[in-house]
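For reference, the structure discussed in these notes is given below.
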Amino acid sequence: MNNTFIFNKPAPIHNRRYNYQNLIVWKLAYNLVLDFYEIINALPDYESKNIADQMRRAVTSMPLNIAEGGSSRYKRVFYNHLNYAYSSAKELEVLLMLCHDLKYIDGEHFNKLFDKLEKFKCCTYNLMAKIEQEI
Numbered sequence: 398m399n400n401t402f403i404f405n406k407p408a409p410i411h412n413r414r415y416n417y418q419n420l421i422v423w424k425l426a427y428n429l430v431l432d433f434y435e436i437i438n439a440l441p442d443y444e445s446k447n448i449a450d451q452m453r454r455a456v457t458s459m460p461l462n463i464a465e466g467g468s469s470r471y472k473r474v475f476y477n478h479l480n481y482a483y484s485s486a487k488e489l490e491v492l493l494m495l496c497h498d499l500k501y502i503d504g505e506h507f508n509k510l511f512d513k514l515e516k517f518k519c520c521t522y523n524l525m526a527k528i529e530q531e532i
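Take 398 as the starting number for the sequence shown in this note's numbering and just add one per residue.
This is how it looks when you write it as structure tokens:
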């Protein structure tokens with residue numbers, strides 16, 4: 398008995414235009430995860446079960462939702478996942494404001510991350526509007 402597996406060529410990606418790794422919104426979201434983890438790791442221990450956990454979930458859900466939605470065969474599903482990522486960005490915006498107002502981060506870090514978050518939200522919103530026209 399031959400235990401050799403024969404692999405066929407991988408199936409082509411159904412919609413290369415939405416290969417998530419090529420999307421600017423995914424790249425922005427991924428970089429936001431890296432940026433926000435610096436804040437999360439610097440938060441006081443007593444925030445580990447509150448702000449840190451919520452921030453971790455919100456920021457990681459952004460690139461994950463884009464990847465999941467971008468893998469769908471249906472544009473409506475992709476649109477919905479972009480909307481989830483956008484909503485998580487709004488949640489993250491409030492958490493960032495809390496971190497600033499509670500003096501966990503300084504104004505310079507706040508402004509830098511707030512601007513990056515705004516860029517992500519703007520790009521995501523524009524992509525959602527484009528996809529909505531195609532649905």
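All C-beta atoms, glycine included, are put in the ideal place defined by N, C-alpha and C.
Query                                                                                                                 : Result
Cβ pair L524, V422 closer than 9 Å                                                                                    : yes
Three-state class that DSSP yields for Y417 in the structure shown                                                    : helix
Proximity winner among F517, C496, G504, relative to L440 (alpha-carbon distances)                                    : C496
Simplified DSSP assignment, three categories, for N438                                                                : helix
Closest Cα partner of K513 within the set F475, E531, Y427                                                            : Y427
Residue closest to M494, alpha-carbon to alpha-carbon, out of L425, F433, N419                                        : F433
Exposed unless 16 or more other CB atoms sit within 10 angstroms - verdict on N447                                    : exposed
Minimum C-alpha distance to C520 - residue among E531, I502, L479, Y501                                               : L479
Neighbourhood of F517 by C-beta distance below 8 Å, restricted to the same chain and skipping five residues each side : V422, L425, A426, L429, M459, A486
Beta-carbon proximity of G466 to Y481, cut-off 9 Å                                                                    : yes
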